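Asker:
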Amino acid sequence: MTDHPLPFRDPQLSFSLRADDLLGRLTLDERIAMLHQFAPAVERLGVGPFRTGQEALHGVAWMGPATVFPQAVGLGATWNDDLVRRVGEAVGDEVRTKRAQDDRVGLNVWAPTVNLLRHPLWGRGEEGYSEDPALTSAIAVAYTRGLRGDDPHYWRTAPVLKHWLAHNNETDRDTASSSVRPRVLHEYDLRAFRDAVRAGAVAGVMPAYNLVNGRPNHVSPLLEQHLRSWTDQPLVVCSDAGAPSNLVDSEHYFDTHEEATAASLKAGVDSFTDHGTDSTVMTGRIRDALAKGLIDEGDIDTAVHRLLSMRFALGEFDPELDPYAGVDALDTEEHRALALEAAEQAVVLLRNDGLLPLEPKRDRTVAVVGLLGDACKLDWYSGTLMHRSTPLDGIRERYGADNVLYAEGVDRVRLKSSDGWLRVPEAEGPAGGETRGAEGALDPALLAGRTDLPPLTCGEEATELALVDWGDGVLTLRTDEGLYLSVADDGYVRASADEPGGWVVQETFRLEAVEGHDGGHRLLHIGTGGYVSVATDGAKVAESGEKIPGDGATVFEVETVEHGADAVARAAAAADTVIVVAGNDPHINGRETEDRTTLALPAQQDRLWRAAHAANPRTVLVLASAYPYAVVDAAETLPALLWTAHGGQAAGTALARVLAGDVSPAGRLPQTWYAGDDDLPGLFDYDIIGSRQTYLYFDGTPLYPFGHGLAYADFTHTALRAEVDGERLRVSWTVTNEGGTAGDEVPQLYVRAARPGETGPPPEGLGRRLGGLGEPLDLPLRKLVGHRRVHLSAGAVERVEFDVSVEELGHWSVAHGRWTVEPGAYEVLAGASSADIRLTATVLVDGEAQGPRRLVTRGLEAADFDRQRGTEIVDRTRTEGDAVTPASADSEAQLVYRACDFGAGVDGLRFLVSGEGSITVSAGGHSTGITFPGTGGRHDYRVLDAALGLSGVQDLRVGLKGSVRLARIDVVTGKESE
Numbered sequence: 020m021t022d023h024p025l026p027f028r029d030p031q032l033s034f035s036l037r038a039d040d041l042l043g044r045l046t047l048d049e050r051i052a053m054l055h056q057f058a059p060a061v062e063r064l065g066v067g068p069f070r071t072g073q074e075a076l077h078g079v080a081w082m083g084p085a086t087v088f089p090q091a092v093g094l095g096a097t098w099n100d101d102l103v104r105r106v107g108e109a110v111g112d113e114v115r116t117k118r119a120q121d122d123r124v125g126l127n128v129w130a131p132t133v134n135l136l137r138h139p140l141w142g143r144g145e146e147g148y149s150e151d152p153a154l155t156s157a158i159a160v161a162y163t164r165g166l167r168g169d170d171p172h173y174w175r176t177a178p179v180l181k182h183w184l185a186h187n188n189e190t191d192r193d194t195a196s197s198s199v200r201p202r203v204l205h206e207y208d209l210r211a212f213r214d215a216v217r218a219g220a221v222a223g224v225m226p227a228y229n230l231v232n233g234r235p236n237h238v239s240p241l242l243e244q245h246l247r248s249w250t251d252q253p254l255v256v257c258s259d260a261g262a263p264s265n266l267v268d269s270e271h272y273f274d275t276h277e278e279a280t281a282a283s284l285k286a287g288v289d290s291f292t293d294h295g296t297d298s299t300v301m302t303g304r305i306r307d308a309l310a311k312g313l314i315d316e317g318d319i320d321t322a323v324h325r326l327l328s329m330r331f332a333l334g335e336f337d338p339e340l341d342p343y344a345g346v347d348a349l350d351t352e353e354h355r356a357l358a359l360e361a362a363e364q365a366v367v368l369l370r371n372d373g374l375l376p377l378e379p380k381r382d383r384t385v386a387v388v389g390l391l392g393d394a395c396k397l398d399w400y401s402g403t404l405m406h407r408s409t410p411l412d413g414i415r416e417r418y419g420a421d422n423v424l425y426a427e428g429v430d431r432v433r434l435k436s437s438d439g440w441l442r443v444p445e446a447e448g449p450a451g452g453e454t455r456g457a458e459g460a461l462d463p464a465l466l467a468g469r470t471d472l473p474p475l476t477c478g479e480e481a482t483e484l485a486l487v488d489w490g491d492g493v494l495t496l497r498t499d500e501g502l503y504l505s506v507a508d509d510g511y512v513r514a515s516a517d518e519p520g521g522w523v524v525q526e527t528f529r530l531e532a533v534e535g536h537d538g539g540h541r542l543l544h545i546g547t548g549g550y551v552s553v554a555t556d557g558a559k560v561a562e563s564g565e566k567i568p569g570d571g572a573t574v575f576e577v578e579t580v581e582h583g584a585d586a587v588a589r590a591a592a593a594a595d596t597v598i599v600v601a602g603n604d605p606h607i608n609g610r611e612t613e614d615r616t617t618l619a620l621p622a623q624q625d626r627l628w629r630a631a632h633a634a635n636p637r638t639v640l641v642l643a644s645a646y647p648y649a650v651v652d653a654a655e656t657l658p659a660l661l662w663t664a665h666g667g668q669a670a671g672t673a674l675a676r677v678l679a680g681d682v683s684p685a686g687r688l689p690q691t692w693y694a695g696d697d698d699l700p701g702l703f704d705y706d707i708i709g710s711r712q713t714y715l716y717f718d719g720t721p722l723y724p725f726g727h728g729l730a731y732a733d734f735t736h737t738a739l740r741a742e743v744d745g746e747r748l749r750v751s752w753t754v755t756n757e758g759g760t761a762g763d764e765v766p767q768l769y770v771r772a773a774r775p776g777e778t779g780p781p782p783e784g785l786g787r788r789l790g791g792l793g794e795p796l797d798l799p800l801r802k803l804v805g806h807r808r809v810h811l812s813a814g815a816v817e818r819v820e821f822d823v824s825v826e827e828l829g830h831w832s833v834a835h836g837r838w839t840v841e842p843g844a845y846e847v848l849a850g851a852s853s854a855d856i857r858l859t860a861t862v863l864v865d866g867e868a869q870g871p872r873r874l875v876t877r878g879l880e881a882a883d884f885d886r887q888r889g890t891e892i893v894d895r896t897r898t899e900g901d902a903v904t905p906a907s908a909d910s911e912a913q914l915v916y917r918a919c920d921f922g923a924g925v926d927g928l929r930f931l932v933s934g935e936g937s938i939t940v941s942a943g944g945h946s947t948g949i950t951f952p953g954t955g956g957r958h959d960y961r962v963l964d965a966a967l968g969l970s971g972v973q974d975l976r977v978g979l980k981g982s983v984r985l986a987r988i989d990v991v992t993g994k995e996s997e
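Using this note's numbering, you'd call the opening residue of the sequence shown number 20 and step up by one each time.
1. Could you check which residue in 619, 71, 239 has the C-alpha nearest to that of residue 1078?
2. Taking all protein chains shown into account, decide if residue 376 is buried (16 or more other Cβ within 10 angstroms of its Cβ) or exposed.
3. Alpha carbons only, please: which of 937, 972, 962 is nearest the one belonging to residue 943?
4. Count the other CB atoms within 10 Å of the CB of residue 634; is the residue buried (16 or more) or exposed (fewer)?
5. What's the call for residue 816, buried or exposed, on a 16-neighbour Cβ count within 10 Å?
6. Out of curiosity, what's the CA-to-CA distance linking residue 974 and residue 774?
7. Assuming residue 434 contacts residue 575 (C-beta within less than 8 Å), just tell me the rounded distance between them.
8. So the beta strand (DSSP E) residue 531 belongs to, where does it begin and stop?
9. Determine the burial state of residue 427: buried for a count of at least 16 other Cβ atoms within 10 Å of its Cβ, exposed for fewer.
10. Per DSSP, which residues does residue 435 bridge with? Please list them.
11. Rounded to whole angstroms, what is the Cα-Cα separation between residue 790 and residue 936?
12. I think residue 273 touches residue 282, with their Cβ atoms under 8 Å apart; what is that distance to the nearest whole Å?
13. Are the beta-carbon atoms of residue 232 and residue 901 separated by less than 8 Å?
14. Using only the alpha-carbon positions, how far apart do residue 778 and residue 765 sit?
15. Could you give the residue range of the beta strand (DSSP E) that holds residue 975?
16. If I follow the unbroken beta strand (DSSP E) through residue 999, where does it start and stop?
17. Which of the three DSSP states is assigned to residue 429 in this structure?
18. Could you have a look at residue 649 and say whether DSSP puts it in helix, strand or coil?
19. Starting from the C-beta of residue 558, find all residues in its chain whose C-beta is less than 6 Å away, skip the five residues before and the five after it, and write them out in chain order.
20. What number of angstroms, rounded off, separates the C-alpha of residue 1029 from the C-alpha of residue 645?
21. Could you round the C-beta distance between residue 365 and residue 666 to whole angstroms and report it? I think they count as a contact, below 8 Å.
22. Can you find a heavy atom of the ligand ADP that lies under 7 Å from the Cβ of residue 442?
23. Quick one: what does DSSP say residue 554 is sitting in, helix, strand or coil?
24. Enumerate in chain order the residues of its own chain whose CB-to-CB distance from residue 939 is below 6 Å, with the five nearest sequence positions on each side excluded.
25. How big is the Cα-Cα spacing for residue 679 and residue 329?
26. Can you tell me whether residue 329 is helix, strand or coil according to DSSP?
27. With DSSP run on the structure shown, which of helix, strand or coil describes residue 458?
28. Could you check if residue 145 is buried or exposed, using at least 16 other CB atoms within 10 Å of its CB as the buried criterion?
29. In the DSSP output, what is residue 964 paired with across the bridge?
30. Is it true that the segment 718–737 meets the segment 838–855, where meeting means three or more beta-carbon pairs spaced less than 8 Å apart?
31. According to DSSP, is residue 24 part of a helix, a strand, or is it coil?
32. Which residues in the same chain have their Cβ closer than 8 Å to the Cβ of residue 614, if we skip the five residues on either side of it in sequence?
33. Buried or exposed: which applies to residue 100, given that a residue is buried once 16 or more other Cβ atoms fall within 10 Å of its Cβ?
34. In the DSSP assignment, find the beta strand (DSSP E) that holds residue 802 and state where it starts and stops.
35. Where in the segment 348–385 do unbroken runs of the beta strand (DSSP E), each at least 3 residues long, occur, reported from the N-terminal end onward?
36. Have a look at 674, 691, 694 and flag the residue whose alpha-carbon is nearest the alpha-carbon of residue 685.
As structure tokens, this is what we get:
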């Protein structure tokens, strides 16, 4: 086959054959060692060390200076696949460049996050692209193609998609189970991962911490049943950090770590991220699992082969042939320009009554006000800024510094105790917190806070502090020098941090009123849960790990020197136009490990825009945030409203260029902006169909709909043409820029199943009917199947064309266990948003109607219901299958299975159940019920029969009560009952 002394070094052989050869040369211990995130070198073969995992969500993260692009949700808001691909290329090149400088940088990048933004209170919404699977897929394909590169053999980087699967809550994220019915699984959650994998630009996935249908994602059969069925390419599954241990420690899904590790490996996990750089714990568990016969060497070899294949593709063994080996592209002029372009394209104009664009003039004074007016906020997955542009920076540059007024709008306060005023002593030497080590890597010790600065004390002189309430009473306190009060590992409170940050934020506090003490407050440090106490040696919250109790805390009186709203009103009154910049800090009230509690804009920021508008009606509100807000009053009151995700290093310049009209805004909302918390389902409700979630099913009136965004240009949409050609739906229409300025438009193509006599925008509150069944199938009210961002000069015309698979018109048939496109009429909806449909057409699709469920021949999986109330889907066994159980043991859960065909007649129904409780069943006017005691564990199933004569096609209704788990329903015929 080859004369090369080490065939795995022979570049003429395929990567698979080379991986085979190298695998065969490794000892068992060497192979086991490769299953940990930090794989050691094999010096006898000249194989270097390797690590999985390099964060690269919107730039190289945690490894020092790098180009910082807009947050992922901002990239989603561009609706621009080409742009996002170029961002991916730039990030990939910077990963390669930093790898050449620092071998701690890995080429296996953990990005992008493709979890759908189902619920706007999810704390990690900033990491995803969209609530829609089609848009998420398109952006993910673009980004991963950029990260992967165009070479047919070697990869620029190896992207891993996060987080498999149905992960949308930080609350109880390692113990909560997402109940995902089959239609939601196939039509929604799997779709977000599928297209990027099929595109061939993904090296693997990372399972999420949560459980799906009662089974942890790290032992999910869906990894093999779906993920690896989408491609012939070897995919690496990297565990999330600490998740292998969670299987025993927090989830209690297995009794021993050996069982858990073996189950993960057999389910398809290849790389274990646990216990940091210490690989001995996980490799020890693997050896013990092997010794106990829970796994065999074949299980180990399968995983190692996939890991080696990825390493070959990254050019590790062929540096002379690797086209990306010599890349040197960090902070290039092209990358800086791309960061600005991305930030500009991410800006969404939500409302404009003509105030914008605001052309710069010599005598025009602009006031920039608000808590984010002079901020360039980073998130947990940002790199270190090399360039920084705040809204104030950008507006001063564009409008002239002499024409710009500024008022941050913080409340300026002093805190007084019985021992005097709280004060920050002067530091000897340079001050200022640092969150990065000398080599640029994120340093947890430094993130915990500095200890070389003097702690706060009380005395005759007061330090005036800038107080910001970020919502829910979560405060930050900052000195005039711009340093945040922070708590270090020794428990002392110091003015030491440049920004709030860290895995546990140490810069947030809460003032708690003291009962019986007029105006007195304790100061709670949220990060430690301890109260601030000021002694002679300084203010502190803890000592030797012990928290100071409330009765030992210092009681402070809060004196407000100036209300931020007053400063804002003064600046607003003195200006021609006011730009209020509000939003969130990505480390506070909504981030990894922490969900939001409300859509409302924090009260302090709400007061600021109202004060500005009262003083000056020419007020623009800019929301710079990682997620939506329910700003109904602002939307109804203010002349202009914009939103942008935190836009990275060029955010301020980009915003100023949009405000001035240098760039016509064309960002589009990647998720629905709801009018209030009452429009939201429960955070843990993953049944988007049953609870009418996202633009696909929401039948209320949103504040701003999915896909919404205005421009300074005026675009018309005409001449729609749609036809079905075999397996393809071909659609085209004409977009014309009727305005006097150039700009981008985003034509959006939606489809839906038609109802007889129905035209125009989707109706509210109606399901979609197909297949001749009397009950609606609860199909989407509209579904995005195509989009394009086009640039048109004034007066320009462009014909946009879309070629869509007819499969996109279909849905997952729970009645038949497959994807189906029912025959009938479908509406094609063309327009500028999901609610701004300009053109419609109807197409007819041929096919075979699926008809009723054939219970006599197929039986019925319990999870294949059409509608449910009060149920939860759980694991049938630890390794496969689903069952349905009541969400509450105190109330009856209800299931509906439509159009069940009982043929010429059956004598009863057979239930596969575990647990105890009761089952009631009704169909065709007949009903019966059974009650049964519990025997065995939750995975110990038994068969129970219920006599019920049924024939023909009937809707079947089943009620469950107690701890019963229903896995399957079959029919009992006369012959079986004898």
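Virtual Cβ for every residue (Gly too), placed ideally from N, Cα, C. For clarity, every value in this text was computed on a predicted model and none was experimentally measured.
Answerer: According to the structure data:
1. Look at the range of the chain in this structure, 20 to 997, and you will see that residue 1078 is not part of it.
2. buried
3. Ranked by Cα distance from residue 943, the first of 937, 972, 962 is 972.
4. buried
5. exposed
6. 22 Å
7. 4 Å
8. It spans 528–532 - the beta strand (DSSP E) in which residue 531 sits, taken as one unbroken run.
9. buried
10. 440, 576
11. Only weak support exists for where residue 790 lies, its pLDDT of 38 falling under 50; the value from the coordinates is given anyway. If you take the alpha carbons of residue 790 and residue 936, they lie about 36 Å apart.
12. 7 Å
13. yes
14. Any reading at residue 778 needs caution, since the residue's pLDDT is 48, under 50, leaving its predicted position unreliable; the model's value is listed next. Computed Cα separation, rounded: 23 Å.
15. 972–981
16. In the structure as shown, the chain starts at 20 and stops at 997, and residue 999 therefore has no counterpart that could be examined.
17. coil
18. coil
19. 474, 475, 512, 551
20. Residue coverage of the chain in this structure runs from 20 to 997, which leaves residue 1029 outside it and unanswerable.
21. 6 Å
22. Among the ligands in the structure shown, none appear at all, so the ligand ADP cannot be discussed.
23. strand
24. 948, 978
25. 47 Å
26. helix
27. With a pLDDT of 32 at residue 458, under the threshold of 50, the predicted position of this residue should be treated as unreliable, though the coordinate-derived value follows. Residue 458 falls in the coil class under three-state DSSP.
28. Its Cβ being crowded by 16 or more others within 10 Å, residue 145 is buried.
29. 929
30. Short answer: they touch.
31. coil
32. 140, 141, 142, 188, 189, 190, 702
33. Taking a 10 Å sphere around the C-beta of residue 100, we find 16 or more other C-beta atoms and assign the residue as buried.
34. Where residue 802 is concerned, the enclosing beta strand (DSSP E) stretches over 802–806.
35. Listed in chain order, the complete beta strand (DSSP E) runs (minimum 3 residues) inside the segment 348–385 are 367–371.
36. Nearest of 674, 691, 694 to residue 685, Cα basis: 674.
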